[in-house]
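J.: Each residue of the sequence shown is one higher than the one before, starting from 43 at the first, in the working numbering.
We treat Cβ as the ideally placed atom computed from N, Cα and C, and that holds for glycine.
Predicted model, so just to flag it, every value in this text is computed and none were measured.
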Amino acid sequence: MTSGQYIHGSETKQFESEFASFIGTKHAVATSSGTAALHLALLSTGVGENDEVITVSHTFIATIESIWYVRAKPKLIDIDPRYYVMDIEAVRTLINEKTRAIIPVHVFGHPVDMDPLRKLAEEHGLKLIEDAAQAHGSLYKDRPVGTLGDVACFSFYPSKNLTVCGDGGMLVTNDAGIAQKARMLRDHGRTQKYSSDEVGYNYRLSEIASAIGRVGLKQLPRWNIERRSIASHYSRLLSADDQVIPPAEAGWARHVYHVYAIRTKDRDKLALSLAQNGIQTGIHYPIPCHLQPVFKRLENSNLYLKNTEQVANELLSLPIFPGMSAEEVERVAHKVREFHEQTP
Ligand SMILES: Cc1ncc(COP(=O)(O)O)c(C=O)c1O
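1) Can you tell me which residues form a DSSP beta bridge with Pro186?
2) Is the beta carbon of Lys178 less than 7 Å from the beta carbon of Phe150?
3) How many angstroms separate the CA atom of Val187 from the CA atom of Asp217?
4) Once you ignore the five residues that flank Ala174 on each side, which residues in its own chain have a CB closer than 7 Å to its CB?
5) With 16 other CB atoms within 10 Å as the buried threshold, where does Leu170 fall?
6) Less than 7 Å between the beta carbons of Met37 and Ala70, yes or no?
7) For Tyr48 and Thr135, what's the separation of their Cα atoms in angstroms?
8) When the cut-off is 7 Å and only beta carbons count, does Ile254 lie next to chain B?
9) Apart from the five residues on each side of it in sequence, which residues of its chain come closer than 7 Å, Cβ to Cβ, to Ser108?
10) Among all the DSSP beta bridges, which residues are the ones paired with Gly324?
11) Using alpha carbons as the reference points, say which of Ala375, Arg264, Ser281 lies closest to Ala313.
12) Are the beta-carbon atoms of His326 and Ser359 separated by less than 7 Å?
13) Could you tell me whether the Cβ atoms of Gly293 and Leu247 are closer together than 7 Å?
14) For Phe388, verify whether its CB is less than 6 Å away from any heavy atom of ligand 1.
15) Return the chain-ordered ranges of every beta strand (DSSP E) run that is complete within the segment 137 to 217 and spans a minimum of 3 residues.
16) Roughly how many whole angstroms lie between the Cα atoms of Phe381 and Gly231?
17) For Leu355 and Gly258, what's the separation of their Cα atoms in angstroms?
18) Assuming Leu204 contacts Arg296 (C-beta within less than 8 Å), just tell me the rounded distance between them.
19) Check this for me: beta carbons of Ser99 and Cys331, under 7 Å apart or not?
20) Who are the near neighbours of Ala224 in its chain, counting only those whose CB is closer than 6 Å to its CB and skipping five residues on each side?
21) Is the distance from the Cβ of Ala143 to the Cβ of Val206 below 7 Å?
22) Along the chain, where does the alpha helix (DSSP H) containing Ile250 start, and where does it finish?
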């Protein structure tokens, strides 16, 4: 604050370079939100009117909104029911001459199976835009999420593994052209102080948010380790409950458990019982994107996605955060098991 420079000063520059080196990309462009980063990613990879973009329905609506912002058409597919991320075979069935890009979403912090997806994208000349909003620090076959496509987008919304204590996001890429275009569009399409080449946006991140992000970034590896250890503690305790399917980690994945979601048939009753015991849970997501009123209206759709719809009724996110004690994890797991013992 004493610097008096609140926008685009040294904190944002340093946050960008530290985040780029944490992820392992050449460039990082800080943005006002993850949604803004996705919008810029689509614009700077040239996705536009009437192009089709393939992504999952099992995601936060922002993924789909960014596609509408550039007047492209979202083509939504089902998930692999084991890991709740994009079913690669389903992508193949939707590719046609209008397809321009694929947005794999590393939902909950679990990476998508990127090698076959990348091969598919290369075969068809498609852009690959990672939605890594929930997956800071997640690895795919020892490679960081965010380095696996043409461009990737992160969110620093307060619940995320890394936050700026408000809204914020980051676009990362190894492509200098994409980075330059995103940087220009994020700041009113300017190339110089008062010279604009294109219709841009105000998608800037503040200095104070950047400074907070820099402090958090140093803690992120430790926080992710904590999240993983809480998750494995939960999974061990819940393995004794045959009515619970704990989250699975694919052989290619290092999950960072932005969300720890169990699957259970009695989801709503269990959530109520936990709430009565003072345990807050979440549902990610109660209404899949393809069943959202806005999607049905804009896409004139009555799409059916079996796995997505099934998990929308069965997934329950249990509390998980760095600093959660072993006793707290045990109490939550105990209350889940107790509920199932009492309601077989
Ligand atoms: C998968 C996914 N994509 C995009 C976003 C959008 O990020 P933001 O809220 O920072 O705009 C979020 C989070 O909110 C998200 O979870």
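T.: Taking the geometry as given:
1) To locate residue 186, count along the sequence shown from 1; it is residue 144. Pro186 pairs with Leu181.
2) By 1-based counting over the sequence shown, the position of residue 178 is 136. By 1-based counting over the sequence shown, the position of residue 150 is 108. A small correction: the amino acid at residue 178 is His; Lys does not occupy that position in the sequence shown. For His178 and Phe150, no; Cβs fall outside 7 Å.
3) Counted from its first residue, the sequence shown places residue 187 at position 145. Counted from its first residue, the sequence shown places residue 217 at position 175. Taking the straight line joining both Cα atoms gives about 16 Å.
4) As a working mapping, residue 174 is identified with position 132 in the sequence shown. For Ala174, where only same-chain residues beyond five positions count, the Cβ hits under 7 Å are His148, Val187, Gly188, Ala194, Cys195, Phe196.
5) Locating residue 170 in the sequence shown gives position 128, where the first residue counts as 1. Buried, because 16 or more other Cβ atoms sit within 10 Å of the Cβ of Leu170.
6) What is shown of the chain runs 43 to 386, which leaves residue 37 out entirely.
7) Working through the sequence shown from its first residue, we reach residue 48 at position 6. Working through the sequence shown from its first residue, we reach residue 135 at position 93. Tyr48 and Thr135 have their C-alpha atoms spaced approximately 48 Å apart.
8) This model lacks chain B altogether, as it is built from one protein chain only.
9) Reading the sequence shown from its first residue, position 66 is the one you call residue 108. Setting aside the 5 residues that flank it on each side, Ser108 is surrounded in the same chain by Thr77, Leu80, His81, Leu84, each with a C-beta closer than 7 Å to its C-beta; the list follows chain order.
10) Start at 1 with the first residue of the sequence shown, and residue 324 comes out as number 282. DSSP lists Ser359 as partners of Gly324.
11) Residue 313 sits at position 271 when you count from the first residue of the sequence shown. Out of Ala375, Arg264, Ser281, Ala375 has the C-alpha closest to the C-alpha of Ala313.
12) Your numbering for residue 326 matches position 284 in the sequence shown. Your numbering for residue 359 matches position 317 in the sequence shown. Taking 7 Å as the Cβ cut-off, His326 and Ser359 qualify as a contacting pair.
13) Translated into the one-based positions of the sequence shown, residue 293 becomes position 251. Translated into the one-based positions of the sequence shown, residue 247 becomes position 205. Result no, Cβ atoms of Gly293 and Leu247 do not sit closer than 7 Å.
14) Because the chain is modelled from 43 through 386, residue 388 falls outside the range shown and cannot be assessed.
15) 141 to 145, 169 to 173, 193 to 197, 211 to 215
16) Here residue 381 is taken as the residue at index 339 of the sequence shown, counted from 1. Here residue 231 is taken as the residue at index 189 of the sequence shown, counted from 1. C-alpha separation (whole angstroms): 56 Å.
17) Start at 1 with the first residue of the sequence shown, and residue 355 comes out as number 313. Start at 1 with the first residue of the sequence shown, and residue 258 comes out as number 216. Strictly speaking, residue 355 in this sequence is Asn, with Leu absent from that position. Distance between the alpha carbons of Asn355 and Gly258 is about 34 Å.
18) If you number the sequence shown from 1, residue 204 lands on position 162. If you number the sequence shown from 1, residue 296 lands on position 254. A Cβ-Cβ separation of about 16 Å leaves Leu204 out of contact with Arg296 under the 8 Å criterion.
19) As a working note, residue 99 is residue 57 in the sequence shown. As a working note, residue 331 is residue 289 in the sequence shown. Yes, the Cβ-Cβ distance between Ser99 and Cys331 is below 7 Å.
20) Counting from 1 along the sequence shown, the entry for residue 224 is found at position 182. For Ala224, where only same-chain residues beyond five positions count, the Cβ hits under 6 Å are Val71, Leu82, Ser86, Leu213.
21) On the sequence shown, position 101 is the one that residue 143 refers to. On the sequence shown, position 164 is the one that residue 206 refers to. No; because the gap between Cβ atoms is not below 7 Å, this pair is not in contact.
22) By 1-based counting over the sequence shown, the position of residue 250 is 208. Annotation: the continuous alpha helix (DSSP H) that includes Ile250 extends over 249 to 280.
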